[in-house]
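**Student:** In this text, residue positions in the sequence shown follow the working numbering: the first is 18, and each later residue adds one. Even glycine gets a Cβ: it sits at the ideal position worked out from N, Cα and C. Values in this document were obtained by computation on a predicted structure and should not be read as measured data. Have a look at this one before I ask anything.
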Amino acid sequence: MGQKCVLILAILSKKKFMNLSEIPSKEMMPGYHGKMVHANTMSWAFWDVEIGAQVPEHQHIHEQIMHVVEGTFEFTLDGNTKTYKAGDVVIIPSNVPHSGKAITTCKLMDVFSPVREEYK
Numbered sequence: 018m019g020q021k022c023v024l025i026l027a028i029l030s031k032k033k034f035m036n037l038s039e040i041p042s043k044e045m046m047p048g049y050h051g052k053m054v055h056a057n058t059m060s061w062a063f064w065d066v067e068i069g070a071q072v073p074e075h076q077h078i079h080e081q082i083m084h085v086v087e088g089t090f091e092f093t094l095d096g097n098t099k100t101y102k103a104g105d106v107v108i109i110p111s112n113v114p115h116s117g118k119a120i121t122t123c124k125l126m127d128v129f130s131p132v133r134e135e136y137k
């Protein structure tokens with residue numbers, strides 16, 4: 018991460034108000050470009066996902082809520098696969114295996130609690 022990007026993130030972490038256009042996007046995994054907002058006990062991720070991009074099966078301590086803003090996203094939660102479209106919301110409990118794949122280009126939002134430290 019460049020020095021300018023680190024400085025912007027440091028400034029944003031102290032702000033109580035910001036515009037998404039001020040937050041630099043970072044490719045967190047292949048095809049997943051995210052803008053992250055962190056509070057004391059939660060993280061909010063805004064994703065632009067490339068068609069065909071996959072997130073392999075994983076699990077974490079964080080509770081997660083996923084919202085499909087645009088596009089079609091195939092999501093597997095605890096072995097059950099479904100296809101989600103704009104407006105759909107999925108609640109992902111702590112430590113439950115899940116994975117996903119963008120069927121089209123997508124915009125997703127994820128909320129995590131507690132904070133996803135690795136996304137800072």
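#1: Starting from the C-beta of ALA103, find all residues in its chain whose C-beta is less than 8 Å away, skip the five residues before and the five after it, and write them out in chain order.
#2: Is it the case that the Cβ atoms of SER107 and MET83 are separated by a distance below 7 Å?
#3: Among MET35, ASN112, HIS50 and CYS123, whose alpha-carbon lies nearest the alpha-carbon of TYR101?
#4: Between LYS118 and TRP61, what straight-line distance do the alpha-carbon atoms span, to the nearest angstrom?
#5: Considering Cα atoms alone, identify which of MET126, VAL54, LYS33 and PHE34 is closest to PRO41.
#6: Determine whether the beta carbon atoms of GLN71 and PRO114 lie at a separation below 7 Å.
**Tutor:** Per the coordinate set shown:
#1: VAL85, VAL86, GLU87 and GLY88
#2: At residue 107 the sequence reads Val, which differs from the Ser that was named. Yes, Cβ-Cβ distance for VAL107 and MET83 is below 7 Å.
#3: CYS123
#4: 20 Å
#5: VAL54
#6: no
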